[in-house]
Amino acid sequence: MTRVALYARYSSDNQREASIDDQFRICREHARREKWKVVGAYKDAGISGASMILRPGIQTLLQDAQAGRFDIVLAEALDRVSRDQADVATLFKHLKFAGVPIVTLAEGEISELHVGLKGTMNALFLKDLAAKTHRGLRGRVEDGKSGGGLCYGYRVVRQSGLEPAALCQRPVHRQARLAP
-19 MTRVALYARY SSDNQREASI DDQFRICREH ARREKWKVVG AYKDAGISGA SMILRPGIQT
41 LLQDAQAGRF DIVLAEALDR VSRDQADVAT LFKHLKFAGV PIVTLAEGEI SELHVGLKGT
101 MNALFLKDLA AKTHRGLRGR VEDGKSGGGL CYGYRVVRQS GLEPAALCQR PVHRQARLAP
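Number -19 in my numbering belongs to position 1 of the sequence shown; there are no gaps in the numbering.
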């Protein structure tokens, strides 16, 4: 029976832990249909797909593949493995050397062509996402809103408890006290 390792990832705090559970669920369903035995599940939660260096799940998966613990790596899509073209190529090369193919539900078995084309597309996606994020933050700042999160220890207070007139009068009184 073919032994399969599952890999799942989500990239930011804006996504949710259930995303990994959903990825594992659909991968397990696929493995069941193929009559593959799931022998491992590796994940990286809340970690960007831009680099594999800081992802413990993918590092452990690579070590276990080199140790011969499974025959196939199964993921939802290649961008769940990594969006960085060099990282995808490096992982593909190491897994190929270990005799372990990458199979995704979206693309099927990954080949050199997938690595090149999808890697380029994912790199362009990251560049576009960065530009859109920067544009959105700039728009928020130009609208007088916060361009980032709260400083540590601060919280949002929606109502100050003061009437609008009191908010306007306070600076006037301060100026009056400072006048000679």
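Here a beta-carbon is modelled for each residue, glycine too, at the ideal position from N, C-alpha and C.
Within its own chain, the residues whose Cβ lies closer than 8 Å to the Cβ of arginine 8, once the five positions on either side in sequence are excluded, are Leu(-14) and Val18, listed in chain order.
Beta-bridge partners assigned by DSSP to lysine 17: Arg(-17). In the three-state reduction of the DSSP assignment, glycine 99 falls in the helix class.
Separation of serine 91 and arginine 138 (C-alpha to C-alpha, rounded to the nearest whole angstrom) is 54 Å.
Between valine 121 and lysine 98, the gap from beta carbon to beta carbon reaches 9 Å or more. At a Cβ-Cβ threshold of 9 Å, aspartate 1 and tyrosine 22 do not count as neighbours. The C-alpha of leucine 109 lies about 10 Å from the C-alpha of asparagine 102.
The Cβ neighbour count for phenylalanine 72, taken over all protein chains shown within 10 Å, is at least 16; the residue is labelled buried. According to the DSSP assignment, isoleucine 52 belongs to the beta strand (DSSP E) that extends over 52 to 55.
Residues of the same chain with their beta carbon placed closer than 6 Å to that of arginine 115 are lacking, with the five preceding and five following residues left out of the count. Around the beta carbon of threonine 84, 16 or more other beta carbons sit within 10 angstroms, so the residue counts as buried. Residue pairing by DSSP puts lysine 23 in a beta bridge opposite Ala(-12). Where valine 137 is concerned, there is no enclosing beta strand (DSSP E), because DSSP gives it neither an H nor an E. When the Cα atoms are used, tryptophan 16 and threonine 100 turn out to be separated by approximately 31 Å.
By the Cβ neighbour-count rule, leucine 130 is exposed, with fewer than 16 other Cβ atoms within 10 Å of its own. In its chain, beyond the 5 residues on either side, Leu58 and Glu87 have a beta carbon closer than 8 Å to the beta carbon of histidine 94. Around alanine 55, the same chain offers Tyr(-13), Val61 and Thr84 as residues with beta carbons nearer than 6 Å, after the five sequence neighbours per side are excluded.
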